[in-house]
Each structure stands twice: as C-alpha cells, then as structure tokens.
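Residue numbers for the sequence shown follow the working numbering, so the first one is 357 and each next one is one higher.
Notes for the one structure printed next.
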Amino acid sequence: MSLRTDTDSTTTGSKSPKLGLVLLALAFVLLLAAVGVIGLRVLGQLDAIESQIVDLSTQAVEATDASERALARAARAEEVARAAAEGRLLAEADTARAEEDAVAARDDAAMSRADADTSREESARARAEADRIRAEAQAELDRLEKALGKIADTRRTAIGLVMNLDEDKLKFDFDKAELKPEDKELLSRIAGILLTSQDYTIAINGHTDDVGSDEYNEGLSERRAAAVRDYFVEASISEEILSVQGWGKRQPLVQGTSDAARAKNRRVELGIVNIRINYPRAPRH
C-alpha cells in the first residue's frame with residue numbers, strides 16, 4: 357500500500373511539468389492570438405489612419421489649389437481694382453484738365469470779346485475821326501477852289517484841285533522861263549491864299565505846245581515850272597510841299613495845231629492835294 361502511494365506520487369509528479377508546458381503553450385498561443393488580434397486592429401487602425409492621411413493630403417492639396425486659385429482671383433481682382441482706380445484717377449485728372457481748359461477757354465473768349473469790343477470802339481472812333489478830318493479837308497478844298505477860282509481857272513478832280521495858269525495868266529516870253537512883274541503879282545495872290553491853308557502838297561507841272569522836239573519842250577516846261585516854285589518859296593511856302601515836273605508836249609490840254617489850241621496847251625498847272633484825305637490811288641498830273 358505504501359508502494360502504490362509512492363508510485364502515484366511519482367506519476368502525479370511527472371504529469372505536472374507537462375501540464376505546465378501545455379498551459380504555457382496555451383497561454384503563448386492565446387498571447388499570440390491576442391497579439392494577432394491587436395495587430396490586426398492596429399493594422400486596421402493604421403489603414404484607417406493612412407486613409408485619413410491620404411484624405412487629409414488630398415484635402416490639403418485641394419485646399420492649397422483652392423487657396424492658390426483664390427489668391428490668383430484676389431490678385432486679378434486687385435489688379436482690376438488698381439487699374440480701375442488708375443483709370444478713375446486718370447479720368448478725374450482729364451476731367452480736371454478739361455474743366456481748367458474750359459475755364460481758360462471761357463476766359464480767353466471773354467478777353468477776345470472784350471478786345472473785339474475795344475477794337476470796334478477804337479475802329480468806330482478812328483472812322484469818326486477820319487470822317488471828321490475828311491470833312492474838314494473837303495471843306496478846305498471847297499474854300500480853296502472858290503478862292504483860287506477867282507484868280508484863274510480852277511477845277512475839282514478826284515484827288516484835289518488843278519489850277520490852270522495859261523499864257524493869259526503867266527506871260528513867258530518865247531523860249532524863256534523868267535517871270536514878269538505881272539506874273540509875280542499873280543503868284544503872290546495865289547501864295548497868299550495857299551498860306552492860309554495847311555496839310556497839302558503842290559505839284560507844279562509845266563506844259564508846252566507841239567512845236568519843237570520833245571527834249572527841248574520838256575526842258576523848257578521844267579524851267580518854267582521851277583521858276584514858279586522858286587517864287588512860291590520866296591513867298592514863304594515851304595519847299596518841302598512843292599514838286600516840279602516838265603511834261604513838254606506830252607499832255608496837251610486840247611487837241612489841234614491852231615494858234616488857239618497851242619496857246620491853251622502852253623501853261624503851268626498847280627495840282628493841289630490835301631494830304632489828310634486818303635485817296636484811292638496816287639495823284640496823277
């Protein structure tokens with residue numbers, strides 16, 4: 357009986373290590389299973405995390421693209437706004453310049469109108485003064501024509517007066533240019549009338565008949581005209597207003613070769629022109 361008990365004890369003692377190993381193996385398996393489960397879970401979580409990371413990366417890229425597009429739109433909007441602002445400033449500057457130009461144009465127009473008014477007033481005054489001077493000059497010519505006409509034939513022309521001193525008035529000897537006493541008396545009366553007037557010129561023109569050469573007649577007519585001029589100077593008429601021209605036989609008063617015609621053509625003419633009157637053309641004698 358004692359021997360069986362020992363044997364059972366021995367048997368029991370030999371089984372205990374095996375059972376421990378089994379339990380240990382079972383525990384290891386369970387541990388591995390747990391680790392596997394945990395690993396699977398971790399892997400699943402990692403996949404989920406990776407998927408989230410991918411999603412987040414995609415979202416980040418999309419957000420970055422959207423942000424870049426938004427920034428580009430904002431930049432374009434700023435550029436458009438800046439261009440609009442510059443355009444507005446330019447338009448405002450153009451408007452300001454246009455307003456300044458308009459003001460300047462109005463001022464210039466006002467000044468031009470004022471100048472035009474002043475010019476019209478001055479022109480009106482000048483015309484009135486010219487009319488007054490012309491009227492006075494015409495009245496003076498009328499007076500001279502009347503006074504001189506009592507001495508010798510005096511006619512009115514477009515440019516003044518012409519006084520005709522033929523051989524009945526100036527009695528030159530043949531081929532001579534010396535004044536006789538009665539000629540000087542006549543010229544003294546004429547000078548006395550002319551000295552009462554002013555602002556005129558006197559053209560002294562000598563003429564002959566058709567007898568003789570052109571050269572001879574022009575020289576003779578000029579000497580006779582010069583004799584009249586010299587006497588007027590002695591009578592205190594200014595030499596500056598006197599001119600002399602010998603026309604010879606080039607400007608006959610009447611046509612013909614009779615003694616009467618030739619007598620009329622032998623003459624000295626005084627062309628009296630008032631210089632205060634604006635004549636349409638230069639005097640012709």
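Beta carbons are placed, not taken as given, at the ideal position from N, Cα and C, and that holds for glycine.
In the DSSP annotation of this structure, the continuous segment of the beta strand (DSSP E) that includes ILE560 starts and ends at 556 to 563. Taking all protein chains in view, the Cβ of LYS532 is surrounded by fewer than 16 other Cβ atoms within 10 Å, so the residue is classified as exposed.
When C-alpha distances from ASP570 are compared across GLY516, LEU542, TRP603, the shortest belongs to TRP603. Only residues of its own chain outside the window of five on either side were considered, and among them ILE507 have a CB closer than 6 Å to the CB of ARG545, listed in chain order.
Per DSSP, ASP570 is one residue of the alpha helix (DSSP H) stretching across 570 to 590. Beta-bridge pairing by DSSP links ILE628 to LEU517, ILE558.
Counting along the chain, LEU598 sits inside the beta strand (DSSP E) bounded by residues 598 to 604. Counting other Cβ atoms within 10 Å of its Cβ, GLY627 reaches 16 or more and is therefore classed as buried.
Burial is judged here by how many other beta carbons sit within 10 angstroms of a residue's own beta carbon; ASP539 has at least 16 and is buried.
The criterion of a C-beta distance shorter than 8 Å is satisfied by VAL629 and ILE515.
By the C-beta criterion, the segment 558 to 570 is judged to be in contact with the segment 589 to 604, since at least 3 inter-stretch pairs fall below 8 Å.
In this structure, GLU625 is the residue among GLY392, GLU625, ALA383, VAL391 with its C-alpha nearest to the C-alpha of THR513.
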